[in-house]
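Enquirer:
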Amino acid sequence: FLSYTKIHEIISKMYKKFNETLNNIGENEGGIDKFSRGYESFGVHRCADGGLYCKEWAPGAEGVFLTGDFNDWNPFSYPYKKLDYGKWELYIPPKQNKSQLVPHGSKLKVVIRSKSGEILYRISPWAKYVTREGENVNYDWIHWDPEHPYKFKHSRPKKPRGVRIYESHVGISSYEGKIASYKHFTYNVLPRIKDLGYNCIQMMAIMEHAYYASFGYQITSFFAASSRYGTPEELKELVDTAHSMGITVLLDVVHSHASKNSEDGLNMFDGTDSCYFHSGPRGNHDLWDSRLFIYSSWEVLRFLLSNIRWWLEEYGFDGFRFDGVTSMLYHHHGMGQAFSGDYHEYFGLQVDEDALIYLMLANHLVHTLYPDSITVAEDVSGMPALCSPISQGGVGFDYRLAMAIPDKWIQLLKEFKDEDWNMGNIVYTLTNRRYLEKCIAYAESHDQALVGDKTLAFWLMDAEMYTNMSVLTPFTPVIDRGIQLHKMIRLITHALGGEGYLNFMGNEFGHPEWLDFPRKGNNESYHYARRQFHLTDDDLLRYKFLNNFDRDMNKLEERCGWLSAPQAYVSEKHEGNKIIAFERAGLVFIFNFHPSKSYTDYRVGTTLPGKFRIVLDTDAAEYGGHQRLDHSTEFFSQPFKHNERPCSLLVYIPNRVGLILQNVDMPN
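Counting in our numbering, the sequence shown runs from 92 upward without gaps.
Given below as structure tokens:
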């Protein structure tokens, strides 16, 4: 048994360690503000006099040199000077004619002479742009110093009261079988996201990754925006355009591990297996086949915190979704752990305190620089206080992903008949979160879209999506069930599951294919690495119904604000009738999951007296429903106590329908 006194002691210890680290940064570096500006000195920089200043951290190197197009690739003509603590610096004076010493767009390499005498050609960990030419296997480091860098025109939007996230990947955002561009996303996808009512986008696979099929989770260059979609300036335009639409932009940041690539990655940068990573077995993630950062290292802290700041300052991102937080939090990295919720799982020697302190520092930095920033933790363990303020001993995230919810929907669709769905279990999964720790709810994300798994639409409709989605053909039982449940699952997840909502691009309209990146196993095909948005524009296809519903659901939330309201009061979860009813943000939500039974004059409890009207109905014709509810009907609640609510009203609830009632006597 772990007493609350012991838990308090552990949390107090971590808070003390955080403050000690912050104070050490202040004493030795002049504060976290200066410490997190590493990108201003490390790497390669043009000086005001036209010269070049270069700096690297390579503690295991015997010698460091700069080479490239500018010196005809002479590997040793420009040696760095060794400084304390494994740092190296180089100043190259300007040319006499004051022309650029290293022109924009030219290639560079850092040359490392290892302790064994080996000569290694490396990309600077601070490189801002890398690209791969033609059939080359490795990436080249390109000096990025444009004469006219992009200038932001629009201010950052204020933090949304209820965050509705559109999980996005630039490369797959076109219906064509190719890698789409930042420009394509800016001009073709952002308007769709805005129209759908999402107020936030989470950009995946932006940090440069050599292997496209890694979905952006095997990072090779942490300060470089992926060149396969375009230039850094085009990404800045994308973010700026989103801001002009009032859309918050989050970066999917990967600080939990790094690619094992050494030719064009961080691995073996100075010729040793340590440097940025733990040496030996502790520095390898066995499941991901990647390297693990040593968060106790001073220079690794500088690198990662500077990386956080770089994306905020240089590209205008408004926050981050931190990937792989569970792997960071524990020495076992979550592998082979079931996480029952027992406090022993969260407080003990298995916790990586150095990683925890880094996450606290990262959240402190983000929220100090930009108080309206948003940070989201991808943690499956349920670590307590992860989303509590640092001042209260928490880690400081704004939200955590409610990762149990999509698993529950997949389990129901795979293992149970509709009539055997357990209403109480659904409600439990959707409401099982710690008080005052906010969650992002989602019915499915990119994980479910990947090959090897199935999206909800595919679990529901499978092969019939290819043959029976035309409005010119009658509903088949499979398509009818699929379309109705697809909407209901999304609505109840949106309304009951958290304080934010997330959807992966294309899933809102039931995208008919899985996601599979080009690889040897599929003959390097791009056929499944795309999103067919044009399907929603075809008036003869039923995808438009799901798209319409998603849009109106989001826009109603914007108006009524249930995501920012306190948790819902669930007044009914009736197993026999398959009814779930709850109230949130002054609205009454009613779901009838029964496959065949409809109910006339069904009594539903409410706290509010007065007149109610339907404001959203999954059965409406514009959403591919059967139009069994008359939206002109007025429902009057009476002072008749029902299910512990002081008032109640009588409603007709058709089978497989979710609806929202609003009290029209109350202001919005």
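Ideal placement from N, C-alpha and C gives every residue a C-beta, glycine not left out.
#1: Within 10 angstroms of the Cβ of S207, are there 16 or more other Cβ atoms? Answer buried if so, exposed if not.
#2: So, is V345 buried or exposed, given that buried needs 16 or more other C-beta atoms within 10 angstroms?
#3: At what residue ranges does the region 417-493 contain a whole run of the alpha helix (DSSP H), taking only runs of 4 or more?
#4: Rounded to whole angstroms, what is the Cα-Cα separation between F438 and N290?
#5: I need the DSSP call for A540, collapsed to helix, strand or coil.
#6: With a floor of 4 residues, list each alpha helix (DSSP H) that falls wholly inside the region 609-670, ordered by position along the chain.
#7: May I ask you to list the residues that DSSP assigns as paired with D774?
#8: Answer yes if the region 326-335 comes into contact with the region 400-410, meaning at least three C-beta pairs across the two stretches below 8 angstroms, and no otherwise.
#9: Quick check on the burial criterion: 16 or more other C-beta atoms within 10 angstroms. Buried or exposed for S472?
#10: In terms of alpha-carbon separation, which member of L450, A301, D380, R400 lies closest to D355?
#11: What residue ranges within the region 100-168 form continuous beta strand (DSSP E) runs of no fewer than 3 residues, ordered along the chain?
#12: Output needed for L378: all residues of its chain with C-beta closer than 8 angstroms, excluding positions within five of it in sequence on either side, in chain order.
#13: Mind checking which residues open and close the alpha helix (DSSP H) that includes S335?
#14: Say whether the region 576-584 touches the region 737-751, bearing in mind that this needs 3 or more beta-carbon pairs closer than 8 angstroms, one atom from each stretch.
#15: Let me confirm a value: T96 is counted as buried when at least 16 other C-beta atoms fall within 10 Å, else exposed. Which label applies?
#16: Roughly how many angstroms lie between the CA atoms of I292 and I210, to the nearest whole one?
#17: How is Q309 classed by DSSP in three states: helix, strand or coil?
#18: Quick check: what's the CA-CA separation for K200 versus I270?
#19: May I have the straight-line CA-CA distance separating Y714 from L720, to the nearest angstrom?
#20: Taking C-alpha atoms, which residue in R382, L460, P170, R128 lies nearest to F394?
#21: Return the residue from the list G177, K178, Y176, V193 that minimises the CA-CA distance to P184.
#22: Taking the beta carbon of K104 as the centre, do at least 16 other beta carbons fall within 10 Å, making it buried, or is it exposed?
#23: In whole angstroms, what is the alpha-carbon distance linking W217 and T520?
#24: Along the chain, where does the alpha helix (DSSP H) containing T520 start, and where does it finish?
#25: Look up A534 in the DSSP assignment and say whether it is helix, strand or coil.
#26: Quick one, are the C-beta atoms of T584 and I465 less than 8 angstroms apart?
#27: Figure out for me which residue from W148, T459, H435 has the closest Cα to the Cα of G122.
#28: By alpha-carbon positions, which one of K669, P150, N229 ends up nearest to S388?
#29: Measure from the alpha carbon of H570 to the alpha carbon of each residue in G589, L587, Y660, W550, then state which is nearest.
#30: Going by beta-carbon coordinates alone, are I481 and N523 separated by less than 8 angstroms?
#31: Need the endpoints of the beta strand (DSSP E) that R204 sits in, please.
#32: According to the neighbour-count rule (16 or more other Cβ atoms, all chains shown, within 10 Å of its Cβ), is T691 buried or exposed?
#33: Can you give me the start and stop residues for the alpha helix (DSSP H) that L504 sits inside?
#34: To the nearest angstrom, report how far apart L740 and I310 are at their CA atoms.
#35: Which residue marks the beginning of the alpha helix (DSSP H) containing F549, and which one marks its end?
#36: How long is the line joining the alpha carbons of L143 and A296, rounded to whole angstroms?
Expert: On the basis of the data shown:
#1: So S207 ends up on the exposed side.
#2: Its Cβ being crowded by 16 or more others within 10 Å, V345 is buried.
#3: Listed in chain order, they are 444-460.
#4: Straight-line measurement puts the Cα of N290 at about 36 angstroms from the Cα of F438.
#5: A540: helix per DSSP, three-state reduction.
#6: With a minimum length of 4 residues, the continuous alpha helix (DSSP H) runs that stay inside the region 609-670 are 625-628, 634-651.
#7: Summary: the structure shown does not reach residue 774, with the chain confined to residues 92 through 759, and so no result is reported for it.
#8: Below 8 angstroms, enough C-beta pairs join the region 400-410 and the region 326-335 to call them touching: three or more.
#9: S472 is buried by the Cβ-count criterion.
#10: Taking each of L450, A301, D380, R400 in turn and checking the Cα distance to D355, the smallest one comes out for A301.
#11: Every beta strand (DSSP E) of 3 residues or more that sits fully in the region 100-168 is shown, in chain order, as 134-137, 143-148, 152-159.
#12: Hits under 8 angstroms: H424, M426.
#13: 323-335 is the span of the alpha helix (DSSP H), which, as asked, contains S335.
#14: Using a Cβ-Cβ distance cut-off of 8 angstroms, the region 576-584 and the region 737-751 are in contact, since at least three pairs of beta carbons, one from each stretch, lie closer than that value.
#15: Exposed, because fewer than 16 other Cβ atoms sit within 10 Å of the Cβ of T96.
#16: Whole-angstrom Cα-Cα distance: 43 angstroms.
#17: When secondary structure is reduced to three states using DSSP, Q309 falls in the coil class, being assigned neither helix nor strand.
#18: Between the alpha carbons of K200 and I270 lies a distance of about 27 angstroms.
#19: Those two C-alpha atoms are separated by around 13 angstroms.
#20: Closest by alpha carbon: R128.
#21: Out of G177, K178, Y176, V193, V193 has the C-alpha closest to the C-alpha of P184.
#22: That one is exposed.
#23: Going by the C-alpha atoms only, they are around 43 angstroms apart.
#24: Residue range 514-522 is occupied by the alpha helix (DSSP H) that includes T520.
#25: It is coil, neither helix nor strand.
#26: Going by C-beta atoms, T584 is not nearer than 8 angstroms to I465.
#27: When each option's Cα is compared against that of G122, the closest is T459.
#28: The residue among K669, P150, N229 with its C-alpha nearest the C-alpha of S388 is P150.
#29: One detail in the question is off: residue 570 reads as Ile in this sequence, not His. Closest option to I570, Cα to Cα, is W550.
#30: Note that the C-beta distance between I481 and N523 is not below 8 angstroms.
#31: Run containing R204: 198-205, per the beta strand (DSSP E) assignment.
#32: By the 10 Å Cβ count, T691 comes out exposed.
#33: Its alpha helix (DSSP H) spans residues 495-506.
#34: When rounded, the separation of the alpha-carbon atoms in L740 and I310 is 56 angstroms.
#35: For F549, the enclosing alpha helix (DSSP H) begins and ends at 547-552.
#36: Straight-line Cα distance between these residues: approximately 31 angstroms.
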